[in-house]
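Remarks on the structure that follows.
Numbering (this note's numbering), first residue to last: 8 to 296.
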């Protein structure tokens, strides 16, 4: 059976809490976790990690794009992890469905959520409680696959821009959805430009480095990189949640988009990595002229 989801009423939320689990924790940020996972659900299956720093969900599309959701440990009321860490794969649509089981009847942060994972290969158990109503879900987990460390060099960042997310979202939405590529041009002296060519014509949005929407602009070398639009589309959803967004390019042209998200004083992050189209040094140089 892929999953089991049953509703019951109970006055004792922790009555069936198993202290022998490899992981157990509870949080009041159920709606926040649901929103972040839904924002990166461009594949049906993701990998869940429980570490000493908190919970991470990773979604990959081969080696071209990767999204990571970080749920900080501070967002949990109780967080108990046995060993160095846990990882397993899970069906994200089912996880989101369970997290939102009481969504239509709640406000604020949503119902209280308790998570537990008994042992390797066991289902992930979610218990949601609100106003004495308890929903108990068990979702089948899958063996983890080899984790792909995305080839982004954090110690060799060439360009970094921190800005307001609404303006970046508008720039992405202005691009024709049928465009094959999106170009990102960062001029060390002027600012950065998002451009694309589609069947309906050319679209270009410029952000001067001294613009009010840009908080930090750092660029040691001008860059002109091209990315497949189909790979960047998932990155637009997360902009709706963000309070601040950071765009970074490393020396190989790999793109990192980080989203800082505030939930009632607690901060979490979503990060996207995207591989550029291959470009020889001569092509790159000519494209900047």
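For each residue, glycine too, the CB sits at the ideal point set by N, CA and C. On a predicted model such as this, the values are computed, not experimentally measured, just so you know.
If we count the other Cβ atoms within 10 Å of its Cβ and call it buried at 16 or more, is residue 70 buried or exposed?
For the purposes of this step, residue 70 is identified with residue 63 of the chain shown, where counting begins at 1. Flag for residue 70 reads exposed.
Counting only runs of 4+ residues fully inside the region 110-195, write out the alpha helix (DSSP H) ranges in chain order.
Scanning the region 110-195 for uninterrupted alpha helix (DSSP H) segments of 4 residues or longer gives 172-181, listed from N- to C-terminal end.
To the nearest angstrom, how far is the alpha carbon of residue 235 from that of residue 54?
Sequence index remark: in the chain shown, residue 235 carries index 228 (1-based). Sequence index remark: in the chain shown, residue 54 carries index 47 (1-based). Near 24 Å, if we compare the C-alpha coordinates of residue 54 and residue 235.
Can you tell me the Cα-Cα spacing of residue 112 and residue 118, whole angstroms?
Along the chain shown, read from residue 1 onward, the residue named residue 112 stands at position 105. Along the chain shown, read from residue 1 onward, the residue named residue 118 stands at position 111. Residue confidence is low: residue 112 scores 46 on pLDDT, short of 50, so the model does not pin down where it sits. Its coordinate-derived value is still stated next. Near 9 Å, if we compare the C-alpha coordinates of residue 118 and residue 112.
I need the DSSP call for residue 66, collapsed to helix, strand or coil.
Here residue 66 corresponds to residue number 59 of the chain shown, with the count starting at 1. Residue 66 sits in a strand when the DSSP states are folded into three classes.
Counting along the chain, where does the beta strand (DSSP E) carrying residue 267 start and finish?
Along the chain shown, one-based indexing puts residue 267 at 260. That run of the beta strand (DSSP E) goes 262-270.
Specify the secondary structure class of residue 240 as computed by DSSP and reduced to three states.
Taking the first residue of the chain shown as 1, we reach residue 240 at position 233. Correct three-state label for residue 240: helix.
Which of helix, strand or coil does DSSP assign to residue 235?
Taking the chain shown and counting its residues from 1, the one referred to as residue 235 is at position 228. Residue 235 sits in a strand when the DSSP states are folded into three classes.
Validate contact between the region 172-187 and the region 241-252 using beta carbons, cut 8 Å, 3 pairs
With a cut-off of 8 Å, the region 241-252 and the region 172-187 count as touching, because enough Cβ pairs lie within range.
Are the beta-carbon atoms of residue 75 and residue 160 separated by less than 8 Å?
Your numbering for residue 75 matches position 68 in the chain shown. Your numbering for residue 160 matches position 153 in the chain shown. Their beta carbons are not under 8 Å apart, which means residue 75 does not touch residue 160 by this criterion.
Our contact map puts residue 38 next to residue 96 with C-beta atoms below 8 Å; I'd like the distance itself, whole angstroms only.
The residue given as residue 38 occupies position 31 in the chain shown. The residue given as residue 96 occupies position 89 in the chain shown. Between residue 38 and residue 96 a beta carbon distance of about 24 Å is seen, past the 8 Å cut, so the two are scored as non-contacting.
Cβ neighbour criterion (16 or more within 10 Å) applied to residue 254:
One-based indexing of the chain shown puts residue 254 at position 247. With 16 or more Cβ atoms within 10 Å of its Cβ, residue 254 is classed as buried.
Where DSSP assigns a beta bridge to residue 276, which residues make up the other side?
On the chain shown, position 269 is the one that residue 276 refers to. According to DSSP, which records beta bridges pairwise, residue 276 is partnered with 77, 267.
Three-way DSSP call (helix, strand, coil) for residue 251 in this model
Here residue 251 refers to the residue found at position 244 when the chain shown is read from its first residue. Residue 251 falls in the strand class under three-state DSSP.
Member of 284, 179, 66, 29 whose CA lies at the smallest distance from the CA of residue 153
In the chain shown, the residue the question calls residue 153 occupies position 146. Nearest of 284, 179, 66, 29 to residue 153, Cα basis: 66.
Note down the Cα distance separating residue 101 from residue 45, rounded to an integer number of angstroms.
Your numbering for residue 101 matches position 94 in the chain shown. Your numbering for residue 45 matches position 38 in the chain shown. Annotation: residue 101 to residue 45 spans about 11 Å, alpha carbon to alpha carbon.
Please report the straight-line C-alpha distance between residue 202 and residue 168, rounded to a whole angstrom.
Working through the chain shown from its first residue, we reach residue 202 at position 195. Working through the chain shown from its first residue, we reach residue 168 at position 161. Each residue's alpha carbon lies about 17 Å from the other.
Presumed contact (8 Å Cβ cut-off) between residue 242 and residue 212, rounded CB distance:
Within the chain shown, the letter at position 235 stands for residue 242. Within the chain shown, the letter at position 205 stands for residue 212. Not really, about 15 Å apart at Cβ, beyond 8 Å.
Quick check on the burial criterion: 16 or more other C-beta atoms within 10 angstroms. Buried or exposed for residue 228?
Working through the chain shown from its first residue, we reach residue 228 at position 221. Classification for residue 228: exposed.
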